[in-house]
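Structure first, then comments.
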Amino acid sequence: MPELPEVEIVCRGLAPVLEGRRLALVQVRRANLRLPFPVDLALRLTGRRVEAITRRAKYMTWRLDDGWVVLGHLGMSGRMIIGPCDDTPPGRHDHVIFDTDEGRRVTFTDPRRFGLLDLVRAEDLAGHRLLCKLGPEPLDDAFTAKVLKAGLAGRSGPIKVALLDQTLIAGIGNIYASEALFRAGIDPTRAASSLTAKEVGRLVPALKEVLLASIASGGSSLRDHRLPSGELGYFQHSFAVYDREGEPCPGCDCAQGISRIVQAGRATYFCKKRQK
DNA sequence: CGGCAAACCTGCGAGC
DNA sequence: TGCTCGCAGGTTTGCC
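In terms of the numbering used here, the first sequence opens at residue 489 and continues consecutively.
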């Protein structure tokens, strides 16, 4: 379930395993995911020390000791699984396996193969073709109602679809778009440009709140119960509206309950009474 | 440029 | 039990 909060949790979970460690053995088990892997990826990573792990939007970056950065994306179904280095045979979808000099193993598994892994020079990271068009980080202080309002100007499409546009805001996915609009009381079908300053003034904190709450719950569950699987960031969330079609609205007593519609090919969940 | 559908993949649950 | 269908949390591309 990799939207911004999940990627953040994965990065935080990987940091204690990888930061400061050398990659003793890297196994690349196929030539590509969504994009081709860099040539000689395994060779270029083997022996490198991971200096720092950070996140940009839904991308993770591992800064290496030779000036290169591993750029990773989990796509729809990508996961990072932590375990020991042992003789367990890799699963069908275990595409890249990183063993550290401490005897720990990180397995990048991705059944649908929408994820990606690339190498980029640190000084070229911001200009990378996948990163250079990304909009502001929603959790940055610089992401304000004024900034979002300006971005929505001239957009006739629905606000919910606009929130998924990574050039407008980076990191919002299909779940948190619905959740934030519910929290802000805004109808997802409204034209993006029709939102008033007051409404955008509710939407921006709503976005920050749903993301932060998700990170907080993931962080705590990660600290408190290390999953036997070693899997990071894939705990049970409780969403107010997402995937709750027909269930009672948690914000009002309407008889209709949560509605599901499709916008730009993706499911949207909302309360028709509470969201205007 | 904006908006939309299709494409990339596999897995899973519902329904028959 | 087994099949088909629809659907899934992302992003890019190409067409209008």
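All residues carry an ideal CB built from backbone N, CA and C; glycine is no exception.
Item, Value
"Cβ pair residue 703, residue 496 closer than 7 Å", "yes"
"Cβ pair residue 645, residue 680 closer than 7 Å", "yes"
"Inter-residue CB distance, residue 557 and residue 638 (contact presumed, cutoff 8 Å)", "Not a contact, Cβ separation roughly 31 Å."
"Beta-bridge partners of residue 515, as assigned by DSSP", "585"
"Selection from 585, 631, 614, 695 that minimises the alpha carbon distance to residue 549", "614"
"7 Å Cβ cutoff met for residue 571 and residue 603", "no"
"Under 7 Å between C-beta atoms of residue 733 and residue 746", "yes"
"Sub-7 Å separation of residue 657 and residue 678 beta-carbons", "no"
"Buried/exposed call for residue 671, threshold 16 Cβ in 10 Å", "buried"
"Nearest-angstrom Cα separation, counted from residue 694 out to residue 490", "19 Å"
"Residue 544 versus residue 761: straight-line alpha-carbon distance, rounded", "36 Å"
"Beta-ladder partner(s) of residue 645, from DSSP", "DSSP output for residue 645 lists no bridge partner at all."
"Inter-stretch contact at 8 Å, needing at least 3 Cβ pairs: the stretch 624–641 / the stretch 571–584", "no"
"Candidates 593, 589, 512: closest to residue 578 by CA position", "593"
"Residues bridged to residue 631 (per DSSP)", "None, per the DSSP bridge assignment."
"Short Cβ contact (7 Å threshold) for residue 535 with residue 605", "no"
"Of the residues 635, 669, 633, the one placed nearest residue 649, counting alpha carbons only", "669"
"Local Cβ density within 10 Å of residue 711, reported as buried at 16 or more and exposed below that", "Legend: pLDDT at residue 711 = 35, less than 50; position of this residue unreliable, value from coordinates given subsequently. Result: exposed."
"Residues that DSSP places opposite residue 520 in a beta bridge", "524"
"Own chain, CB closer than 8 Å to residue 621, minus 5 neighbours either side, in chain order", "654, 655"
"Beta-bridge pairing of residue 557 - partner residues as DSSP gives them", "551, 608"
"C-alpha distance - residue 737 paired with residue 731, whole-angstrom precision", "12 Å"
"Rounded straight-line distance, which links the Cα of residue 699 to that of residue 667", "10 Å"
"Alpha-carbon to alpha-carbon, residue 651 and residue 785", "Beyond the ends of the chain as shown, which are 489 and 764, falls residue 785; an answer cannot be given."
"Nearest-angstrom Cβ-Cβ length linking residue 600 and residue 565, presumed shorter than 8 Å", "4 Å"
"Three-way DSSP call (helix, strand, coil) for residue 541 in this model", "strand"
"Buried or exposed by the 16-neighbour rule on C-beta atoms within 10 Å, applied to residue 763", "buried"
"Cβ distance (whole Å) where residue 529 is taken to contact residue 660 below 8 Å", "Not a contact, Cβ separation roughly 30 Å."
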